[in-house]
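Numbering (this note's numbering), first residue to last: 19 to 510.
No residue lacks a Cβ here, since even glycine has one placed at the ideal position from N, Cα and C.
These numbers come from a predicted model, not from an experiment.
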Ligand SMILES: [Zn+2]
């Protein structure tokens with residue numbers, strides 16, 4: 019199987035090739051059992067499409083507007099050494115001799131399933147039996163996901179931190195169908211290089227020309243090399259026994275239940291070692307970042323109560339605070355530069371707590387046409403107000419700690435209420451983005467803010483009703499109610 023010519027992409031209409039996906043008029047939908055793998059597949063396919071097409075901005079705009087023909091795809095393939103995309107070597111570098119490797123069940127490659135011995139593996143949300151066996155086609159997306167999206171800590175001492183830092187959020191453009199989604203996340207090589215301002219970096223894949231040294235300097239890593247940057251030597255044990263793949267749902271004549279790995283010893287600029295060694299951050303195109311005094315960091319989900327709306331503007335516009343500068347991912351800037359319109363925003367990633375994955379983010383935001391900065395700033399004002407309302411709700415609920423009950427008991431009540439607000443606010447902000455092109459903006463902001471305030475008050479009143487027979491708690495909540503009333507003063 020070769021990833022640039024053969025059928026390995028699982029869709030609801032069967033397995034297809036990258037060429038079929040990019041050149042056919044059929045509206046394919048990906049079929050993967052886990053949203054995490056679905057997201058990794060979008061990243062992998064857009065990266066493969068970049069390597070094949072190597073478009074400049076104008077060509078990419080043409081593909082997005084007029085599509086791509088099978089002849090164009092074949093012509094592009096003529097300039098590529100296909101052997102590096104063969105299943106036996108794609109993203110697999112040779113193991114050094116004499117080093118001790120680590121083996122694990124394939125289950126370990128799906129986040130949120132704990133089958134290891136990590137002490138802090140709590141609150142996991144997928145069951146081991148959900149992913150026991152996979153087909154050889156799916157090994158590639160799991161391998162890509164391991165390198166780009168999974169934190170090294172999840173593998174304990176045998177874990178490595180990849181070029182994106184692990185646990186980073188991804189922002190992607192969601193087009194009107196799968197084909198335009200992959201094309202809209204394909205990287206315009208001229209634009210990427212002009213933004214980077216680096217002459218002649220190494221563009222060989224790491225399984226073609228291995229990494230050397232202890233520090234993996236960003237300025238030496240070209241686009242092709244960085245898009246598929248390795249952090250592990252990896253191999254999969256392929257059995258000649260048929261299976262029904264737990265990841266794509268298709269039958270296969272071969273199956274995989276285990277993999278072997280050995281981590282790379284050097285450090286990318288995504289780690290402290292790398293930063294200290296001046297490796298610098300490699301500008302991964304799907305990764306929003308925060309620049310601080312200590313260096314550049316990928317934006318990560320905070321904790322499992324966090325919802326993506328809380329940082330919304332930092333994914334789509336540069337945002338400066340006293341201590342940091344948030345930069346949207348390259349792919350977002352490129353999308354604006356392309357001026358093709360019609361794209362929405364997909365935010366995805368894992369929510370990690372040390373060595374555990376406690377949740378996943380997979381949010382789609384409908385966006386105004388052309389992502390007009392002025393309109394997005396208006397949305398940001400509502401988000402700021404929504405966060406102020408959240409603070410007031412939190413302060414009001416804090417009064418419960420004076421009721422004389424066990425701190426953990428009160429924390430539990432508070433955290434349930436706060437999560438309810440944060441999660442419902444997500445829906446209000448998403449709706450606001452849908453309406454921002456259609457409704458007069460002042461009215462719209464007013465309405466969204468009113469909904470956020472009502473949300474906070476409704477949650478609070480429900481709590482007061484719940485504890486009306488508990489005099490001590492009820493009295494504390496009544497004191498807090500006065501604090502909560504300050505939300506009426508919050509303006510957009
Ligand atoms: Zn499969």
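Residues near residue i by beta carbon distance below 6 angstroms, same chain, minus five either side
i: residue 153; result: 263 and 270
i: residue 141; result: Since pLDDT at residue 141 reaches only 41, below the 50 mark, its modelled position is unreliable, and the value read off the structure follows with that caveat. If we look at residue 141 and ignore the five residues flanking it on each side, its Cβ neighbours are 376.
i: residue 337; result: 331 and 344
i: residue 275; result: 124 and 151
i: residue 237; result: 216
i: residue 393; result: 386 and 454
i: residue 65; result: 245
i: residue 314; result: 299 and 307
i: residue 327; result: 444 and 447
i: residue 369; result: 319, 322, 376 and 377
i: residue 235; result: 297
i: residue 273; result: 151, 257, 259 and 261
i: residue 414; result: 498, 501 and 502
i: residue 210; result: 241
Exposure label - residue i; buried when at least 16 CB within 10 Å
i: residue 483; result: exposed
i: residue 212; result: exposed
i: residue 323; result: exposed
i: residue 3; result: The structure shown does not extend to residue 3, since the chain is modelled only from 19 through 510, so no value can be given for it.
i: residue 114; result: exposed
i: residue 101; result: exposed
i: residue 488; result: exposed
i: residue 117; result: exposed
i: residue 506; result: exposed
i: residue 155; result: buried
i: residue 171; result: buried
i: residue 166; result: buried
i: residue 127; result: buried
i: residue 347; result: buried
i: residue 460; result: exposed
i: residue 352; result: buried
i: residue 29; result: buried
i: residue 430; result: exposed
i: residue 35; result: buried
i: residue 292; result: buried
i: residue 242; result: buried
Same chain only: Cβ atoms within 8 angstroms of residue i, ignoring 5 sequence neighbours per side
i: residue 449; result: 466
i: residue 422; result: 490
i: residue 446; result: 404, 466, 469, 470 and 473
i: residue 428; result: 418, 419 and 421
i: residue 367; result: 57, 167, 185, 186, 187, 188, 318, 319, 378 and 379
i: residue 51; result: 148, 149, 264, 265, 266 and 267
i: residue 231; result: 284
i: residue 158; result: 21, 26, 62, 105, 108 and 109
Integer Cβ distance of residue i from residue j, believed to fall under 8 angstroms
i: residue 288; j: residue 233; result: Not really, about 12 angstroms apart at Cβ, beyond 8 angstroms.
i: residue 181; j: residue 240; result: Going by Cβ atoms, the distance from residue 181 to residue 240 rounds to 12 angstroms, so no, they are not a contact pair.
i: residue 417; j: residue 495; result: 7 angstroms
i: residue 456; j: residue 510; result: Going by Cβ atoms, the distance from residue 456 to residue 510 rounds to 18 angstroms, so no, they are not a contact pair.
i: residue 54; j: residue 378; result: 6 angstroms
i: residue 184; j: residue 168; result: 6 angstroms
i: residue 68; j: residue 176; result: At roughly 31 angstroms, the Cβ-Cβ gap does not stay under 8 angstroms, so residue 68 and residue 176 are not in contact.
i: residue 502; j: residue 410; result: 6 angstroms
i: residue 178; j: residue 361; result: Actually they are not in contact, since the Cβ atoms of residue 178 and residue 361 sit about 33 angstroms apart, beyond 8 angstroms.
i: residue 350; j: residue 334; result: 6 angstroms
Counterpart residues of residue i in DSSP-defined beta bridges
i: residue 338; result: 343
i: residue 171; result: In the DSSP output, where bridge partners are listed per residue, residue 171 has none listed.
i: residue 281; result: 250
i: residue 309; result: 314 and 343
i: residue 378; result: 368
i: residue 32; result: 29
i: residue 122; result: 277
i: residue 200; result: None; residue 200 has no bridge partner.
i: residue 20; result: 104
i: residue 362; result: 192
i: residue 270; result: 261
i: residue 48; result: 29
Residues of its chain near residue i, where Cβ-Cβ distance is below 7 angstroms and the 5 sequence neighbours each way are ignored
i: residue 111; result: 224, 225, 228, 248 and 251
i: residue 41; result: 86, 87, 88 and 91
i: residue 43; result: none
i: residue 497; result: 417
i: residue 198; result: 82
i: residue 121; result: 276 and 278
Minimum Cβ-Cβ distance from residue i to chain D less than 9 angstroms
i: residue 96; result: Going by chain labels, chain D is absent from the structure shown, which holds only one protein chain.
Just to confirm the assignment: which complete alpha helix (DSSP H) runs, minimum length 4, are found wholly within the segment 219-252?
241-245, all fully within the segment 219-252.
Quick check on the DSSP output: what are the complete alpha helix (DSSP H) runs of length 4 or more inside the segment 87-111, in order along the chain?
Correct list: 88-95.
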